[in-house]
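Residue 3 is where the sequence shown starts when you use our numbering, and the numbers rise one by one after that. All C-beta atoms, glycine included, are put in the ideal place defined by N, C-alpha and C. Input: a single structure, listed below in C-alpha cells.
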Amino acid sequence: MKHQVAVITGASSGIGEALAEALAARGTQLVLVARSAHRLEELAARLRRAGCVAHVLPMDLAEAGAAQKLHAAIRALELPVDTLINNAGTGYYGPFEAEPTERLAQTLYLNIVALAELTRLFVPELLFRKGTILNIASTAAFQPTPFMSSYGATKAFVLSFSEALWAEYRGRGLHVAAVCPGPVETPFINAMGADVRRTSIFRKPMPIEDAVRACLKALDSTKPSRIVGTGNWLSAQMGRLSPRALTARLSAELLKPRGL
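Here is the structure:
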C-alpha cells in the first residue's frame, strides 16, 4: 500500500490542510508541519476524531537548519515515512524595489533551500520504501512573473528540480512529481497583499478542491508534473512557445499593480 505515512509541510491552512483531510480519509497516518502550533493542533484534533493518526510538529522552515531539525524530529517518532509533500511556501506581490529584504530572503529560503534540503534528507528512506515526493509548484513556473518575480522564480526551481529528480529516480522505485496550480482560493493569496486580487489573474482563483484532486492524482500516477486546469495548461504552453521578451511583457501587463 502506498501513502501509509505522509509528511505534509505548510499543513495549517490552504492546500496543505485540505490535502491532509483528503489523505486522512484514505487512512494515511500524517505528520503535520507548519509554523502555527494552534492551527495544527486544531486540524489534528479534527482528523483524530475521524479516526486518523496525526502527529503535530510546529516548525518554521524558513529558519536556517529547520529542515535538519524537522527530519530529526520525525526520525525520533520512528515512523516509516513513505510520502513527503513539500507544500510550505510564501510569496510577495508588488514592485520588486518595495519587497522587504527580509521577506525576499524568507521566500528564497522557504521555497527553495528548505524544500531541497528536506527532499535530500528524506530521499534515502523514501528510496528504500519506494515512496513518493510531491512538490507544490505553480503555473508561475512556466514564465517570468513581473511584480511576483522572486515567487515565480522559486516555483520555476521547484518544477525543474522535481522533474530532474523524477528522471533520476524513476527506475529505482521513487516517484517524484510537481503539481502546478494557478491561483487557488486560499489564505496564501490574501497574505500576498490586498492589491493582488485586483489583477485579472487573481480575480477568480480556482477552488481548492481542484488543486487537491490534482495532488491526489499526482501521488498515484507516474508523471513528473501536472498542470491544474485546461486554461492553465494552455497558458503554460503559450509561455513556452512565445518569445520570452513578449511573454514577460504580457505577464507584466496582467500583473501590474493598479496605479503604477
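Beta-bridge pairing by DSSP links residue 228 to 181. It is roughly 14 angstroms from the alpha-carbon of residue 116 to the alpha-carbon of residue 125.
For residue 257, the closest C-alpha among the options 17, 33, 76 and 197 is that of 197. C-alpha of residue 29 to C-alpha of residue 47: approximately 15 angstroms in a straight line. Taking a 10 Å sphere around the C-beta of residue 222, we find fewer than 16 other C-beta atoms and assign the residue as exposed. Between residue 148 and residue 253, the C-beta spacing is below 8 angstroms. Residue 91 places its beta carbon less than 8 angstroms from that of residue 112.
Annotation for residue 137: the continuous beta strand (DSSP E) segment containing it runs 134-138. Scanning 14, 10, 145 and 36 for the CA closest to the CA of residue 247 turns up 145. Looking from the CA of residue 49, the closest CA among 33, 63 and 64 belongs to 33. Distance from the CA atom of residue 42 to the CA atom of residue 51, rounded to whole angstroms, is 14 angstroms. In the DSSP assignment, residue 156 falls within the alpha helix (DSSP H) that extends over 151-171. In the DSSP assignment, residue 57 forms a beta bridge with 33.
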